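Structure first, then comments.
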Amino acid sequence: MYPIHCGVLLKQTYKQACVDILESIGEVLNEICTDVYNKEKLLLANGCVWESCRKYQALPRDMIQLCLAKCQTEYDALVDAEEELKNEIKEHQESDFSFDESSWTEDDLKLLTPACGLIKTTYSICKKLKESLHRSGHLDTKERVDQIDQTAMAVQTLSPSIVLFYR
1 MYPIHCGVLL KQTYKQACVD ILESIGEVLN EICTDVYNKE KLLLANGCVW
51 ESCRKYQALP RDMIQLCLAK CQTEYDALVD AEEELKNEIK EHQESDFSFD
101 ESSWTEDDLK LLTPACGLIK TTYSICKKLK ESLHRSGHLD TKERVDQIDQ
151 TAMAVQTLSP SIVLFYR
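So the sequence shown is numbered by the UniProt record's numbering: it starts at 1 and just counts up by one.
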């Protein structure tokens, strides 16, 4: 486990990974303690322990790696959202008449192109942030760790914001 001065989000990530490992070990113990011996369930629970341990080993080792991973995850989600939005625009333009319930209203159609631009801008910011972290990200002071921690927390809210936008 990392101390709090290594970043709140990093500490939370490692804490959750440890909880996942302990929960999967609990499943193994639960299977061992049951009266009915089921080899398949025991093997499955054992596999879950190993998978949790593999995920723990693959965790980022510092806040820069964590922030880069969050940026990449959000970037990928934003690119997918833009692609879906472009497909919706294209499908609407290709169909002359839409009588189904899922068709877009005129107000919705007015928002599609600006929404696509907003998504492009957001994933462009993610890309620039990744480049900046690669180029000049340092963890030499607590203030810098806190700034990168806050940045990572802000970045992970991008995709849910896009999902809320679609509702």
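No residue lacks a Cβ here, since even glycine has one placed at the ideal position from N, Cα and C. Just so you know, these numbers come straight off a predicted model, no measurement behind them.
With 16 or more other Cβ atoms from the protein chains shown falling within 10 Å of its own Cβ, Ser52 counts as buried. Around the beta carbon of Glu31, 16 or more other beta carbons lie within 10 angstroms, which makes this residue buried. In the DSSP assignment, Gln16 falls within the alpha helix (DSSP H) that extends over 8-33. In terms of Cα proximity to Gly7, the closest of Ala154, Asp146, His138 is Asp146.
In the three-state reduction of the DSSP assignment, Ala58 falls in the coil class, being assigned neither a helical nor a strand state. In the displayed model, Asn87 falls within a helix according to three-state DSSP.
In this structure Leu133 touches Ile64 by the C-beta definition: roughly 6 Å separates them, less than 8 Å. About 6 Å separates the Cβ atoms of Leu9 and Met153, confirming a contact at the 8 Å cut-off.
For Leu139, no alpha helix (DSSP H) encloses it, and the DSSP letter there is neither H nor E. In the structure shown, the three-state DSSP call for Thr105 is coil. When the alpha-carbon of Ala45 is set against those of Pro60, Ala58, Ser24, Leu59, the nearest one is in Ser24. Here Trp104 has His92 as same chain residues with Cβ atoms under 7 Å from its own Cβ, once five neighbours each way along the sequence are excluded.
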